[in-house]
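Take 47 as the starting number for the sequence shown in our numbering and just add one per residue. Note that CB positions come from ideal geometry on N, CA and C, so glycine has one too.
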Amino acid sequence: MAEQLDVQVISAADLVPLERLQEIERIQTYAFSACTFEINDRHVIVFNPLMSAGRQASDIAHELAHIILDHELAEIQYLDGVPFRTCQPGQEEEATALGGTLLLPRKLLLQQARQDAAIEQIARKFGVTRKMAQFRWNATGVERQVARERIRHNAQR
C-alpha cells in the first residue's frame, strides 16, 4: 500500500544510531513506534526497528491511515527533550481503526473464522501481533456471526 501511495518507508536506524533509539525506549517504553514526515511533497514513514515485525506492520499501517485520512499534525509532545508532533486523540483512534482494517479486513477474518482459525494462527499467518489480531477479531464480530451461521445450519438439518 505504501508503494501505491508513493510513500517511502524507512527504518529509524537508517537515520539515527540504534543506541539513541534504545535510549528513547529505555526512557519510555513504546514512546516511538513510527512517524510520518512530509519532505518535498512526499510522505516518508519512519518506523522503530526495535519493535517486532508484527508491531512494525501495525505501526506502518497506522501511519498510512493518517495519510489516507489526511490528518493534520496538531500537538507537540516532548520526550527527553526531543519534540514529537502528534495528531488529536480522535484522529489517533481513526488511524488505529483504519490501520487495523488495512491489515486484517473483515472479509479476511470472516474467512478465517469459518475455518476455525485461532487468533495466534491469524497473527502468524498475516504478520501482525496477537494483540492486533484480537483487536480486529473483537471489533468485527466475526466469531459471533460464524456461531449464528452454524446454529442456523444445524437447525436446517
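Integer-rounded CB distance, given that residue 145 should sit under 8 Å from residue 99
Against the sequence shown, residue 99 aligns to sequence position 53. Against the sequence shown, residue 145 aligns to sequence position 99. With a Cβ gap of about 15 Å, residue 99 and residue 145 do not count as contacting.
Count the other CB atoms within 10 Å of the CB of residue 56; is the residue buried (16 or more) or exposed (fewer)?
Working through the sequence shown from its first residue, we reach residue 56 at position 10. Classification for residue 56: exposed.
Is it buried or exposed for residue 94, if we count other Cβ within 10 angstroms and need 16 for buried?
Sequence index remark: in the sequence shown, residue 94 carries index 48 (1-based). Around the Cβ of residue 94, a 10 Å sphere holds 16 or more other Cβ atoms; the residue is buried.
Cα-Cα separation between residue 71 and residue 64, rounded to whole angstroms
Within the sequence shown, residue 71 is the residue found at index 25, counting from 1. Within the sequence shown, residue 64 is the residue found at index 18, counting from 1. Going by the C-alpha atoms only, they are around 11 Å apart.
Identify the continuous alpha helix (DSSP H) that holds residue 147 and give its terminal residues.
Within the sequence shown, numbered from 1, the residue matching residue 147 stands at position 101. It spans 135–149 - the alpha helix (DSSP H) in which residue 147 sits, taken as one unbroken run.
Please state the DSSP three-state secondary structure of residue 152.
For this step, residue 152 is matched to residue 106 along the sequence shown. Correct three-state label for residue 152: helix.
So, for residue 79: in the same chain, excluding its five sequence neighbours on each side, which residues have a beta-carbon less than 6 Å away from its beta-carbon?
As a position in the sequence shown, residue 79 is number 33, starting the count at 1. If we look at residue 79 and ignore the five residues flanking it on each side, its Cβ neighbours are 94 and 105.
Would you say residue 156 and residue 188 are within 8 Å of each other, going by their C-beta atoms?
The residue labelled residue 156 in the question sits at position 110 within the sequence shown. The residue labelled residue 188 in the question sits at position 142 within the sequence shown. A contact, by the Cβ cut-off of 8 Å.
Reducing DSSP to helix, strand and coil, say where residue 53 ends up.
Residue numbering aside, residue 53 sits at position 7 when the sequence shown is read from its first letter. Coil.
Given a threshold of 16 other Cβ atoms within 10 Å of its Cβ, counted over all protein chains shown, does residue 92 qualify as buried or as exposed?
As a working mapping, residue 92 is identified with position 46 in the sequence shown. Classification for residue 92: buried.
Using a Cβ-Cβ cut-off of 6 Å (strictly less than) and excluding sequence neighbours within five positions of residue 90, which residues of its own chain qualify?
Residue mapping note: residue 90 aligns to position 44 of the sequence shown, counting from 1. 54 and 83, listed in sequence order.
Would the beta-carbon of residue 169 fall within 8 Å of that of residue 160?
One-based indexing of the sequence shown puts residue 169 at position 123. One-based indexing of the sequence shown puts residue 160 at position 114. Not closer than 8 Å, so no.
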